[in-house]
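Colleague: Got a structure here, written out as structure tokens. Questions coming.
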Amino acid sequence: MSKPNKKRYVLATVRQQYAEAVGGEEVEFEGPGGKTFTVPHPMFAPSEWTKGVDDAESDEEIALAMLGDQQYQEFCEAGGNPADVNFIRMAAMEDMKGALKKGRPTRS
Numbered sequence: 146m147s148k149p150n151k152k153r154y155v156l157a158t159v160r161q162q163y164a165e166a167v168g169g170e171e172v173e174f175e176g177p178g179g180k181t182f183t184v185p186h187p188m189f190a191p192s193e194w195t196k197g198v199d200d201a202e203s204d205e206e207i208a209l210a211m212l213g214d215q216q217y218q219e220f221c222e223a224g225g226n227p228a229d230v231n232f233i234r235m236a237a238m239e240d241m242k243g244a245l246k247k248g249r250p251t252r253s
């Protein structure tokens, strides 16, 4: 039973508002040679992706966990440095903090 004067959240709406606030559920970045790569936004990443990235112990393992086999291979073949891939996650997390500080996206 709902309490009077208590706000009720709709999960799909809240998720959409947060996705809009941080620029989407995926992060796109331009790598070597102008090639575009895509990784999940840390806020929306599946648990197995997050665990894989968190459990990685080297730059190569982090990049592989973030990009997946195919994109990792393409990134390296294009001359990319695996150590640089983690900067994308850090940048997305910093942007997320800034976007969420500007105001709660669930407020109209």
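Once you know that position 90 of the sequence shown is 235 in the working numbering, the rest is easy, because the numbers rise by one and skip nothing. Backbone N, C-alpha and C define an ideal beta-carbon position, used for all residues, glycine too.
What does the alpha-carbon distance come out to for the pair Phe189 and Lys242?
Modeller: Near 14 Å, if we compare the C-alpha coordinates of Lys242 and Phe189.
Colleague: Within 10 angstroms of the Cβ of Val155, are there 16 or more other Cβ atoms? Answer buried if so, exposed if not.
Modeller: exposed
Colleague: Given 7 Å as the limit, tell me if Ala164 has its C-beta closer than that to any heavy atom belonging to the ligand SAM.
Modeller: Of the ligands one can find in the structure shown there are none, so the ligand SAM has no counterpart to examine.
Colleague: Determine the direct distance from the alpha carbon of Lys151 to that of Ala228, and round the result to whole angstroms.
Modeller: Between the C-alpha atoms of Ala228 and Lys151 there is a straight-line separation of about 47 Å.
Colleague: Are Glu175 and His186 closer than 8 Å when you measure CB to CB?
Modeller: The answer is no: Cβ separation not under 8 Å.
Colleague: Please name the residue in Pro177, Glu219, Val159 and Ala164 whose C-alpha comes closest to that of Ala237.
Modeller: Ala164
Colleague: I need the DSSP call for Val155, collapsed to helix, strand or coil.
Modeller: Correct three-state label for Val155: coil.
Colleague: Along the beta strand (DSSP E) that carries Phe174, what are the first and last residues, could you check?
Modeller: Glu171 to Glu175 is the span of the beta strand (DSSP E), which, as asked, contains Phe174.
Colleague: Leaving aside the five residues before and after Ile233 along the sequence, list all residues of the same chain whose C-beta is less than 7 Å from its C-beta, in chain order.
Modeller: The residues are Val172, Phe174 and Val184.
Colleague: If contacts are defined as beta-carbon pairs under 8 Å, then Gly197 and Ala210 qualify, I think. What distance do you get, rounded to the angstrom?
Modeller: 4 Å
Colleague: Which partner residues of Val230 appear in the DSSP bridge assignment?
Modeller: The partner list for Val230 (beta bridge, DSSP) is empty, contrary to what the question assumes.
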